[in-house]
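Below is one structure, written out as structure tokens, with a few remarks after it.
Residue numbers (the numbering used here): 2 to 127.
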């Protein structure tokens, strides 16, 4: 019996994720540990992580604070470097992850279902 034909039982990276990623196109900004700030664009996101297109790239393991449109502040660590950016984990409580999941569901479906913004108060424009 040859072991060359055995399939690997290790799941692919996408299958090991705890949360499903949603393709979103949001803008934001982020800060690296050296306090440099850069603009960014979110490619995909889940309640547990986010992939960003970013001009300034830190190192794997670096702490990142990001401010994302429609989402707000998220903190985490760089997990891997990707083309023109990086992926990071999101360190959040279970309550914050639930809120992120609801926000991502709304973002993914707002154009398809023509959903209004779900705000407690009207947006103020100075």
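Yeah, the Cβ is synthetic: ideal placement off N, Cα and C, and Gly gets one too.
Extent of the continuous beta strand (DSSP E) run through residue i
| i | result |
| --- | --- |
| residue 26 | 23-32 |
| residue 77 | 73-83 |
| residue 64 | 64-69 |
Helix, strand or coil at residue i according to DSSP, with G and I counted as helix
| i | result |
| --- | --- |
| residue 94 | coil |
| residue 45 | strand |
| residue 55 | coil |
Identity of the residues DSSP links to residue i by a beta bridge
| i | result |
| --- | --- |
| residue 88 | 52, 81 |
Please confirm if the region 42-58 is in contact with the region 85-95, defined as three or more CB-CB distances below 8 Å between the two stretches.
Because the criterion of three Cβ pairs below 8 Å is met, the region 42-58 and the region 85-95 touch.
On the three-pair Cβ rule with 8 Å, is the region 99-106 touching the region 56-64?
No: the two stretches stay apart, fewer than three of their Cβ pairs being nearer than 8 Å.
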